[in-house]
Amino acid sequence: MSGMDRRSFFKVVATTGAAAAAGGCGPSAGQLLPYVVPPDNIVPGIPAYFSTVCRECPSGCGLIAKNRDGRVIKLEGNPDNPINTGALCIRGHAGLQGLYHPDRFRGALAGGKPIAWEEAEKQLADRVGALAKAKQAGRIAIVSGLETGSLGRLMDEWVRVVGARPRLSYEPLAYEGLRAANRVAFGRDSIPDYAIGDASYLVSFGADFLETWLSPVAYTSDFSRMHAFYQGRTGTFVHVEPRLSLTGANADEWVRNAPGTEGQLALAMLKVILDDGLQAGGGELATLRAAARSADVEAAASASGVPAETIRRVARDLARSRAGLVIAGGMAGSGSSSTDMLVAVNLLNTAIGAVGSRIRFGSGSAFGKASPYSDMVALTQAMAGGQIDALILVDVNPVYSMPAKSGFVDALGKVPLMVAMAGRSSETTVRAGLVLPTLHPLESWGDYSPQDGVIGLMQPTMGPVQIEGKPVQAKNPGDTLLSVGRQALGFEEGKGPLRWPTFRDFLTEEWQKIARDHGSTEPFTDFWEGALRRGGVWRAPQSAAVALRPEAGRISGAAPKLEGEGSHVLLVYPSSRFYDGRGADRAWLQEAPDPMTQVTWDSWVEIPSETATRMGVSRGDLVTVKSPHGSIELPAYPTDLIHPGAVAVAMGQGHKLPGAYASGQPAPAASNPQPSTFLNVGANPVDLLGAAPDPASGGLPHLAVKVSLTPTGRRRALAIPQATFDQDERELAQYVALGSARELELRGRPPADASKPSMYPSVKYAEYKWGMTVDVDRCTGCSACVVACQSENNVPVVGREQAAYGRIQHWLRLERWQEGPAAQPLNMFMPMFCQHCEVAPCEPVCPVYAAYHTREGLNGQVYNRCVGTRYCGNACPYHVRRFNWFNYTWAAPLDQQLNPDVTVREAGVMEKCTMCLQRIIAAKTQAREDRRAVKDGDMQTACQQTCPTRAITFGNLKDAGGETSKLSLSPRGYHALAEIGTQSSVTYLKKVVRAEPGGSGHPAGGGHRG
Amino acid sequence: MSAPPVGSGQATWADVNRDVDRTLLNAGNTYFAWMTVIALILACGVAAWGWQIATGLGVAGIRTPQMWALYITNFVFWIGIGHAGTLISAILYLFRAKWRTSIYRGAEAMTVFAVMTAGLFPLIHVGRMWFAYWLLPYPNQRYLWPNFKSPLIWDVFAISTYLTISVVFFIVGLVPDIAAIRDRSTGLKRKIYAVCALGWEGSDWQWRHYRRAYGLLAALATPLVLSVHSVVSFDFAMALVPGWHSSLFAPFFVDGAIFSGFAMVLILIIPMRAVFGWHAYITDRHLDAMAKLTLVTSLVLTYFYLCEAGTAWYSGEHYERASLFARAFKSYKYTFWLQYICNSLIPLVLFWRKARTNLVILYVVSIFVLIGMWLERFNIIVPGLGYDFYPYTWGVYLPRVVDSTITVASFAWFFLLFLGFIRVMPSLSIVEVKEVLPHPLKHSAHGGHH
């Protein structure tokens, strides 16, 4: 083959033809290719992949950005990165919507009005220069997010050169308690790495490590390593929390304690271990004894409501497992007594020998470098006292995340110049005198170290996003600060103490140091390119020896002080979708149902069922939640899954944004009744908290107030797509007791009962028969797959009203099913998508063959052929087919994210999961070029690729050696609704449970791994 | 009550001509007022449909899992209405049930217009109605054929056949009557009727062929009465949905169709008799016979209801049972029980002879039957889909403005056609009524030349 073959010819013709047609008719397609002269690595139609770091939260997972024709269209986890090993969470995927957010700043603003960039920089530089000249530079303050890499060092250098106040690394969730407890217990002001994967018995005191705690993707993946049933082995996980979080729902045993009694419980468990002589060896017995002296199992039991028997059993099982691990955190870890509680957990870990093995201080988390909340309070006081003349806020939103009582907003009024460097408008930027827009991390150079020994390298994965045909005018904050610093101090470029022309130069210099640190012997350019390709550099985790300090023995298990006279303790917890609130302006996250409650587009207050009945409120009734510090109004969500003395509200909602998109204005396409994107619904529970930092740790106490509830008499129905959590004995999600699972494993596959025989001859497939397996035992319900699918397959967002009315377009939905008693249910999470049935009910009913069976076993759906009778939608027993009720639109520039390999469906046609057909085709094309067949692992579906627990597999069922083929013959395998005889291509694997839900008492002892 | 065996003894052939001709005179203001109201309602429906085409089906209340709702309910309802017409005109003709003569024309017109109404709903219902022709097996370059396995394709054939046969049958029956009208008209009207009469002269040769054609068409139409609604029922019975997947559906639907059709005939002929003064032709005996048939079909339907519930119950199938339970006791319980009250309990009144000839009672019962039969289809479709296999999606469908308007407008469309028809065409069969008039009276006829 030489020159132009037929296929390339058509490609060229199609591209030029499209470009010519674009000018001719209809709305202009705009600039199809952002580059006039494309860079070498951008080939039209062929995606390029760039590795970088996800900056949606401080976990710092490795990313691979898929760039198609100059636009990033998909984010994937970096398989080489030791943090997330190829997985990505729901928030990570939604990072793309931050990149293409319609509210992104187009250019610099002064007092809310557009201003030339140079002018804006000059205004700041003049102020900084004037203050520096007057020896008043201490009146300049700079607050950034948690920047542990070169940007942080550059900012610190800037602060040093200018003479400003030391920079604050503000993280609303900074886990100050953990650091304080480690200071007390081990004399180390850091947060270690918890090797959850190495444990066989895990006890968590409120640490929501499957949602937000420290590094959720890493821990979710670790958890599956520790807990998922594999070759007859499994670990045990006990979760202690007053409410059933997503993490708790994945526990073998959820221990519901009274809020604030974790410390007492931990000490009681310590006492049991010491009394029984089950402690691991070591010279720290005296300290442990001293701490346990005051503990009393019976008292702890009566205070917490946890049976003494449970405390003793868990303590003994934990100690006897010889590979136990106790973690603590969440909001239980941020009350007035939380430091003591967390020290008690440290003692417990010491007693079971986890410190130094499963708790590794050598690989400290980035969180250990965040500024405590008390520093923000000090800064607020300085601002209020008129000591700050210029405040520079870099990618932080304290106006939203600081408690209303902190007075931060009022204090801002006393600051003559507040400069916000941010990508999108927020509560903070609207108060800023100057806005100097920042590039999105996906457009920037940088690096970030999420944990000691791991440095992720960030590179621009695309040029600045174009809005209305113009690239957004924005800079890396490092570049802005370099430029401002030089101007302020009167140096030319490349001169003076800030000698680096650009941040990129600073970064290179830093990385030369890193190369030396890592003992690189190769030329720097090779090291640099290798790091760029790999996404950074990393070392194996280190374990530093720590010794228990005697001070740790002087703790008490006192309950935290709670302010207010209300009837219920308020539990404020970070949202698994919005984190501290920074994700709330992403429509994908708003529409992805909360895994536990399945609520979309709103926040809610979880109220114990008994209280709700007593108050006469039902789901959706608006309730005023009042604390001594404020009051919010939220729809009630009565539940049995919370302690009767507590109510819970997730963080993240209740934004008060002025932006065009975020303020809830309908999207530009006026004829389209769709995105009624009310992003600023709900309420921010942080407004109910007091502002005083906890003296022991410096953190903001989250478990600190009691609230009263008053029904308002009004309603705001919640948009909940899942009608019921009761499977009505339909066995959609199935489970098997551990003993039976082991027995099945030994016996092999039970008699084939998966599907009933069909009257039709079974279909013969020539080469491929695609299939999937989903392990319900591994699925934690994190919902990353929901958004990964949405991002890969151009699935539109429909808005609150439509979501409430059964019109969510998600091709993959994450279901939660409950079995057993309402107050102690077994929870099963189950991704449900097109089952690609062999005998598909949807296929014969289609009058025009739009739904048809492909020669590779997929249920094809030809959008072009679909007339929209919706018969297939009725026929599908799983109801996974989605109808396009409207012409859905993507508010610009969100449309730039669309995957060119996937059709955007028009109104009136059916759609559904295709098993990422475009990826199958790409894999087949590649295989054909290599003159071979597609082999196992050549391609992954989007949902499979992102799953931190590897619960989903995809492959060719005709390849007997493939992972999917093997797993689909697992003794735990079953088909959903198998008795209908659909013979689906998706095999689910039963969840392995320790005891029948609602069965007698405690779980049977879990097996040990390893 | 023993009525004379035919029409009514008092009428003469001349009376027949006069009485039928009178309906074609210039209508009064009341008529036009009604027609205006109906046209306005229809215009709302057309506007609603236009809005739906422009924005997408989301403006109607359809959702997952109720991907079918009011439109298909209306479709099945109107198809069902059509059945009584064919039954009366064809089957009763073949069985020589002479009492049919005075009502069959109205019933046949009702059939044609009901099928024309029903035929609109698949178009209104589909997502891309501009491609609805893809359901037809037309030759095309890409060799794309419809899927003959799909019950919807069977529907296309069943409905189009039914519409064709009923229209032809209807027109054939009309020809001699149009000729009679032609002969009594003048001017432009005469010319128009002359065209419509297809050169009918009433010759013996023509009559012989006419009779044969009529009998043949009646024989052709008869199986359609049973087949069309059976095929429509397959739309449901062939799908897996609990509450749908039942071999009972074909006879169940046919009986229900005839039942609702009789009710509609009564609703139409009772006012016609009063307005046109046709007491001599449509006598109490006719109403009594219609009422009896309504009662019989109601009883049969009740039997099917019991079978349906019994099958669900004794099948032991969890899905079937749960579906029945959900329909009876969950969100749609009112429509469910109202259906049984309307279709099974209220028609029992017709056991009482006086009720069968009491116009008010008969009329009210008929209205309830129509409501009940509409609800029956609604209850099969909407709650049936709402509580099927997969509990995740269970939920309640609520009609919106668009689908409600179109539903109401479908009645307007039907009545517009029907009321238009009775003013331009003989809505009582002149020929057949004359045939059954007592022989001696023929001598006093003046105008007739048949």
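First to last, the sequence lines map onto chains H and V. Numbering-wise, this note's numbering comes out as the position in the first sequence, counting from 1, plus 94. Numbering-wise, this note's numbering comes out as the position in the second sequence, counting from 1, plus 180. Each residue gets a CB set at the ideal place from its N, CA and C atoms; glycine is no exception.
- A residue is called buried when at least 16 other Cβ atoms come within 10 angstroms of its Cβ; residue 482 of chain H meets this threshold and is buried.
- Rounded to whole angstroms, residue 672 of chain H and residue 416 of chain H show a C-alpha spacing of 37 Å.
- Only residues of its own chain outside the window of five on either side were considered, and among them 235, 509, 512 have a CB closer than 6 Å to the CB of residue 485 of chain H, listed in chain order.
- At least one CB of chain H lies nearer than 7 Å to the CB of residue 574 of chain V.
- With contacts defined as CB atoms closer than 7 Å, residue 287 of chain H and residue 571 of chain H fail to qualify as a contacting pair.
- In the three-state reduction of the DSSP assignment, residue 605 of chain H falls in the helix class.
- Looking at the DSSP output, residue 820 of chain H sits in a beta bridge with H:912.
- Under DSSP, residue 144 of chain H takes part in a beta bridge, and its partners are H:159.
- In terms of CA proximity to residue 705 of chain H, H:804 leads the group H:684, H:804, H:796, H:781.
- Annotated as proximal: residue 275 of chain H and residue 437 of chain H, with beta-carbon spacing under 7 Å.
- With a cutoff of 7 Å on beta-carbon distance, residue 952 of chain H and residue 973 of chain H are scored as not near each other.
- Not one beta carbon of chain V lies nearer than 7 Å to the beta carbon of residue 283 of chain H.
- If you compare the alpha carbons of H:800, H:711, H:728, H:902 with that of residue 740 of chain H, the shortest gap goes to H:800.
- Annotated as proximal: residue 1021 of chain H and residue 1028 of chain H, with beta-carbon spacing under 7 Å.
- Neighbours of residue 571 of chain V across chain H, judged by C-beta separation under 8 Å: 817, 818, 820, 821, 822, 824, 826.
- Contacts between residue 1003 of chain H and chain V, judged by CB atoms closer than 9 Å, involve 307, 308 in chain order.
- Per DSSP, the beta bridge partners of residue 741 of chain H are H:664.
- Between residue 721 of chain H and residue 782 of chain H, the CB-CB gap stays under 7 Å.
- Using beta-carbon distances, residue 968 of chain H counts as an interface residue toward chain V, with a partner under 7 Å.
- Shown here, residue 1048 of chain H sits in a strand according to DSSP, grouped into three states.
- Residue 563 of chain V sits in a helix when the DSSP states are folded into three classes.
- If you draw a straight line from the Cα of residue 304 of chain H to the Cα of residue 963 of chain H, it is about 42 Å long.
- Its Cα nearest to that of residue 281 of chain H, the residue H:645 stands out among H:330, H:645, H:1070, H:329.
- In the three-state scheme derived from DSSP, where H, G and I count as helix and E and B as strand, residue 1035 of chain H is classed as coil.
- Within chain H, no C-beta atom comes nearer than 8 Å to that of residue 510 of chain V; the closest sits roughly 11 Å away.
- The DSSP-derived three-state label of residue 631 of chain H is strand.
- Distance check between residue 1053 of chain H and each of H:384, H:866, H:1011, H:936 places H:866 closest, using alpha-carbon atoms only.
- Taking C-beta separations shorter than 7 Å and ignoring five residues to either side along the sequence, the partners of residue 558 of chain V in its chain run 253, 515, following chain order.
- In the three-state DSSP reduction, residue 990 of chain H falls in the helix class (H, G or I).
- Residue 305 of chain V: member of the alpha helix (DSSP H) spanning 281-305, first to last residue.
- In the DSSP annotation of this structure, the continuous segment of the beta strand (DSSP E) that includes residue 299 of chain H starts and ends at 295-299.
- DSSP, reduced to helix, strand and coil, places residue 718 of chain H within a strand of the structure shown.
- Rounded to the nearest angstrom, the gap between the Cα atoms of residue 988 of chain H and residue 873 of chain H is 30 Å.
- Around residue 378 of chain H, the same chain offers 444, 642 as residues with beta carbons nearer than 7 Å, after the five sequence neighbours per side are excluded.
- Residue environment: residue 693 of chain H is assigned as buried (16 or more neighbouring CB atoms within 10 Å of its CB, all protein chains considered).
- In chain order, 1045, 1083 place their CB closer than 6 Å to the CB of residue 869 of chain H, counting only its own chain and leaving out the 5 sequence neighbours on each side.
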